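Just below is one structure, and these are the notes that go with it.
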Amino acid sequence: MKILLSGIRGFVGARLAERLRARGHEVVGITRAGGSGIGWDERALVAAARGAGAIVHLAGENLFDGRWNDARKQALRASRVDTTALLARVAAGAGVPALVCASAIGYYGTSDARGLNERSPQGSGFLAELCAAWEAAAAPARAAGVRTCHVRIGVVLAPQGGALKNMLPPFRVGLGAPLGSGKQWVSWVHRDDLCDLIAHLVESTSASGVFNATAPEPVDMRALSKALGKAIGRPVFLPNVPGFVLKTMLGEVADVLLTGQHVLPERALADGFRFAYPTLDAALTDLFARREQLVSSEVNR
Ligand SMILES: NC(=O)c1ccc[n+]([C@@H]2O[C@H](COP(=O)([O-])OP(=O)(O)OC[C@H]3O[C@@H](n4cnc5c(N)ncnc54)[C@H](OP(=O)(O)O)[C@@H]3O)[C@@H](O)[C@H]2O)c1
């Protein structure tokens with residue numbers, strides 16, 4: 001089927017496009033970059049969307065690029081809420097049957113509570129409010145009968161971007177350490193499992209509503225740090241990085257790293273989706289075995 005994909009040049013979107021094409025779909029990018037993609041002009045989007053089977057919306061200013069001052073919060077909000085409203089109108093206007101939008105587990109706020117699922121209430125704080133507004137913005141699509149899914153994404157793992165790209169440099173030189181208390185939950189997901197869950201929702205004829213995209217076995221920050229050190233052959237022995245250091249460096253966004261969430265993918269599992277990497281060891285073994293092979297084949301070339 002033809003699929004319009006925003007965020008196609010991003011960390012998740014680039015990989016998703018590859019995997020959708022491998023499943024036989026035609027993928028057309030929505031991007032600010034020009035080239036062969038479509039821009040954000042509503043009429044051009046409606047024209048491009050005619051005959052499409054789905055729109056997948058991943059675009060949004062990066063949440064971890066810079067401190068959350070008022071201007072940055074406004075940019076984070078507008079790049080998600082306004083674009084979602086626009087694509088919801090496009091889906092409705094062009095008769096696209098499905099809209100699959102990114103959201104984040106930040107919806108639940110941060111807490112020590114175990115087993116948050118899709119029925120858990122909205123938390124408090126900027127990120128929770130942002131996620132709620134992001135999801136609500138798809139209302140025009142829902143009202144027009146477009147099958148609409150919101151994928152509440154956890155911490156996406158792949159060395160090319162996201163959390164691992166930031167964590168890896170100190171770990172590679174033996175200076176890796178857990179952040180904060182080390183006891184906070186990290187609800188992670190292998191990037192390929194996230195992409196395959198999105199593909200599953202696109203190809204479904206019945207799935208709609210909220211789906212948590214997190215592996216079935218969240219871990220705490222200490223376990224993530226240990227497993228990462230093991231996967232790259234650099235044992236972790238340094239003391240934790242104190243929370244106040246991160247807060248001084250990053251501001252409000254540090255709270256997301258210092259107090260996590262324990263989130264379960266109940267609806268994905270109930271809908272028949274199977275995670276290829278349900279445990280952290282399986283995910284990191286795959287991600288780093290593959291990467292180290294690539295690096296060594298480049299060195300030997
Ligand atoms: N990575 C994670 O761990 C994670 C976790 C939870 C939720 N998510 C969500 O999942 C989605 C994809 O994540 P990602 O890591 O792939 O993000 P990413 O690498 O930062 O890419 C996002 C894309 O959004 C587009 N974009 C950025 N600012 C924009 C703006 N002002 N207006 C319109 N488009 C804009 C860019 O595309 P162009 O430059 O081509 O326009 C960019 O490639 C995001 O919405 C993110 O919040 C990600």
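Residue numbers (the working numbering): 1 to 301. In this text, a Cβ means the ideal position worked out from N, Cα and C, and glycines have one as well. As the structure is a prediction and not an experimental result, all values here were calculated from the model.
| Item | Value |
| --- | --- |
| DSSP state of LYS183 mapped onto helix, strand, coil | coil |
| Contacting residues, own chain, Cβ-Cβ under 7 angstroms from ALA141 (five flanking each side not counted) | ALA88, ALA91, ALA92, LEU99 and THR148 |
| Neighbourhood of ILE55 by C-beta, 6 angstroms cutoff - its chain only, sequence neighbours within 5 removed | LEU4, LEU87, ALA91, VAL96 and LEU99 |
| Cβ-based neighbour list, GLN160, same chain, cut-off 7 angstroms, excluding 5 preceding and 5 following | PHE11 |
| Simplified DSSP assignment, three categories, for GLY53 | coil |
| Boundaries (first-last residue) of the beta strand (DSSP E) holding GLU26 | 26-30 |
| Ligand 1 heavy atom lying under 6 angstroms from the CB of ASN166 | no |
| Touching by the beta-carbon criterion (3+ pairs, under 8 angstroms), the region 47-62 and the region 14-34 | yes |
| Pairwise C-alpha distance: ARG191 and LEU287 | 9 angstroms |
| Between the CA atoms of ILE30 and ILE8 - distance to the nearest angstrom | 7 angstroms |
| Contact under 7 angstroms by Cβ, SER124 with GLY106 | no |
| Cross-strand partners of PHE148 (DSSP beta bridge) | Correcting the residue identity first, residue 148 is Thr in this sequence and not Phe. Answer is LEU99. |
| Residue span of the beta strand (DSSP E) that contains ILE3, given as start and end | 2-6 |
| Burial state of VAL299 (16 or more Cβ within 10 Å) | Because the pLDDT of VAL299 is 41, which lies under 50, any placement of that residue in the model is unreliable, and the question is left without a value. |
| Same chain, Cβ closer than 7 angstroms to ALA199, neighbours up to 5 away in sequence not counted | ARG19, LEU20 and ARG23 |
| LEU287, DSSP secondary structure in three states | helix |
| Per-residue burial, GLY60 [other beta carbons within 10 Å of its own, 16 or more giving buried] | buried |
| Local Cβ density within 10 Å of GLU42, reported as buried at 16 or more and exposed below that | exposed |
| Simplified DSSP state of TRP188, which is helix, strand or coil | strand |
| Under 7 angstroms between C-beta atoms of ALA138 and LEU197 | no |
| ALA132, enclosing alpha helix (DSSP H) - first and last residue | 126-136 |
| Within 7 angstroms, strictly: CB atoms of ALA177 and VAL253 | no |
| Same chain, Cβ closer than 8 angstroms to LEU17, five either side skipped, listed in chain order | Sequence check: residue 17 is Ala here, not Leu. Hits under 8 angstroms: LEU5, ILE8, VAL27 and GLY29. |
| Alpha carbon of VAL151 to alpha carbon of GLY243, nearest angstrom | 29 angstroms |
| Minimum C-alpha distance to PRO218 - residue among HIS262, LEU238 and ASN117 | HIS262 |
| Nearest candidate by alpha-carbon position, reference ALA78, set ALA33, ALA94 and GLU129 | GLU129 |
| Residues that GLY115 bridges to, as DSSP identifies them | According to DSSP, GLY115 bridges with nothing at all. |
| Whether LEU157 touches ALA282 by CB criterion (7 angstroms) | no |
| Contacting residues, own chain, Cβ-Cβ under 6 angstroms from SER111 (five flanking each side not counted) | none |
| Under 7 angstroms between C-beta atoms of VAL81 and ALA133 | yes |
| Residue range of the unbroken beta strand (DSSP E) whose run includes LEU157 | 155-157 |
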